[in-house]
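Everything on this sheet refers to the single structure shown next.
2 protein chains.
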Amino acid sequence: MTRLRRNVEKFWAAAEARDWEAFAGTLADDVAYEAPMSRERVRGREAYVRFNREFPGDWHVRVERVVAEAGEAVSWVRVTDGDDVHVGISFFRGDGEGRIVAVTDFWPEPYEPPAGREHLTERY
Amino acid sequence: MTRLRRNVEKFWAAAEARDWEAFAGTLADDVAYEAPMSRERVRGREAYVRFNREFPGDWHVRVERVVAEAGEAVSWVRVTDGDDVHVGISFFRGDGEGRIVAVTDFWPEPYEPPAGREHLTERY
Chain R
1 MTRLRRNVEK
11 FWAAAEARDW
21 EAFAGTLADD
31 VAYEAPMSRE
41 RVRGREAYVR
51 FNREFPGDWH
61 VRVERVVAEA
71 GEAVSWVRVT
81 DGDDVHVGIS
91 FFRGDGEGRI
101 VAVTDFWPEP
111 YEPPAGREHL
121 TERY
Chain D
1 MTRLRRNVEK
11 FWAAAEARDW
21 EAFAGTLADD
31 VAYEAPMSRE
41 RVRGREAYVR
51 FNREFPGDWH
61 VRVERVVAEA
71 GEAVSWVRVT
81 DGDDVHVGIS
91 FFRGDGEGRI
101 VAVTDFWPEP
111 YEPPAGREHL
121 TERY
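Protein chains in written order, with the UniProt record's numbering: chain R, 1 to 124; chain D, 1 to 124.
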């Protein structure tokens, strides 16, 4: 198991537990967060912990999948807040100790299938 | 380098080249495709090759990142079609030979940042 994978698992477990000290412990001092779809960036551990700590709602997160190699990882999570369900996909980069130095995340939304491919697909 | 990673790279290179024979060669016979956000599923290599071959538009794909471990991989790609730009994120599972047995993909769209976190974020 890579150290980064273990830290990514701790990252989500700490977020779910609102254990912001443990959460901060998974991050490098100069961690950088980017959300390409909203073009937002957060720089540094303190701001990034606050960004998560202040995230509104009674949200709960469950890890669906983590794929990791040395220095790189991706998680797919399911976030629920009451009846709202969201999918989050996060790309991580780690330093030599496996601390998270970069997080880039995506929050895809449901959409209707484009017309013209019903002959190849089924719905579920 | 894992065999699955190499196959994921071939998968995208073959799609970009419209080389559907090479594309099919990256897939297991019983490959299953799912798009959770549109709840579409495609079963089997023949249907999944057609699903990609018949995809409309003059699209071009560039791989931004691949993260892989034994049997699991994720790609982040940038797909352009004229002025349209899309991000695609695909989770892959491989068989013992590294052939792709499962693809699950997500197509996140741009969104406006929620209010109330401007004190922590910058825009880019």
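We put the beta carbon where it would ideally sit given N, CA and C, even for glycine. Given the structure is predicted, the values throughout are model-derived calculations rather than measurements.
- request: Taking the CB atoms as reference points, tell me whether R/G71 and R/L27 lie closer together than 8 angstroms.
  value: Residue numbering aside, residue 71 of chain R sits at position 71 when the first sequence is read from its first letter. Residue numbering aside, residue 27 of chain R sits at position 27 when the first sequence is read from its first letter. Result no, Cβ atoms of R/G71 and R/L27 do not sit closer than 8 angstroms.
Could you tell me which of D/A24, D/R18, D/W20, D/R50 sits nearest to R/T121, measuring between CA atoms? Here residue 121 of chain R refers to the residue found at position 121 of the first sequence. For the residues D/A24, D/R18, D/W20, D/R50, the minimum Cα distance to R/T121 belongs to D/R50.
**R/E69, buried or exposed, once every other Cβ within 10 Å from all chains shown has been counted against 16** = Position 69 of the first sequence, counted from the first residue, corresponds to residue 69 of chain R. Answer is buried; the Cβ neighbour count reaches 16.
Notebook entry, point to check: Name the chain R residues that come within less than 7 angstroms of D/W76, Cβ to Cβ?
Noted result: To locate residue 76 of chain D, count along the second sequence from 1; it is residue 76. In chain order: F91.
Worksheet item: Quick one: what does DSSP say D/W76 is sitting in, helix, strand or coil?
Response: On the second sequence, residue 76 of chain D is found 76 positions in, with the first residue counted as 1. Of the three classes helix, strand and coil, the one that applies to D/W76 here is strand, per DSSP.
- Min CB distance residue 125 of chain D to chain R below 8 angstroms: Residue 125 of chain D cannot be examined here, being either before or after the span of chain D that is shown, 1 to 124.
Does the beta carbon of D/W107 come closer than 8 angstroms to any beta carbon on chain A? Within the model displayed, chain A is absent; protein chains R and D are what it includes.
Return the Cβ separation of D/F23 and D/A15 in integer angstroms, given the expectation that the two are a contact with Cβ distance under 8 angstroms. The sequence position of residue 23 of chain D within the second sequence is 23, counting from 1. The sequence position of residue 15 of chain D within the second sequence is 15, counting from 1. Contact flag correct, Cβ pair sits at about 6 angstroms.
Spatial neighbours of D/R45 in its chain, beta-carbon cut-off 8 angstroms, leaving aside the 5 residues before and after: What you label residue 45 of chain D is simply residue 45 of the second sequence in a count that begins at 1. A24, L27, A28, D29, D30, V31, listed in sequence order.
Item to complete: Would you kindly work out how many angstroms separate the C-alpha atoms of R/R6 and D/R62, rounded to a whole number?
Response: Mapped onto the first sequence, residue 6 of chain R falls at position 6. Mapped onto the second sequence, residue 62 of chain D falls at position 62. R/R6 and D/R62 have their C-alpha atoms roughly 30 angstroms apart.
As an exercise, report each continuous alpha helix (DSSP H) stretch of at least 4 residues that is fully enclosed by the UniProt domain "SnoaL-like" (8-102) of chain R, in chain order. 20-25, 45-53
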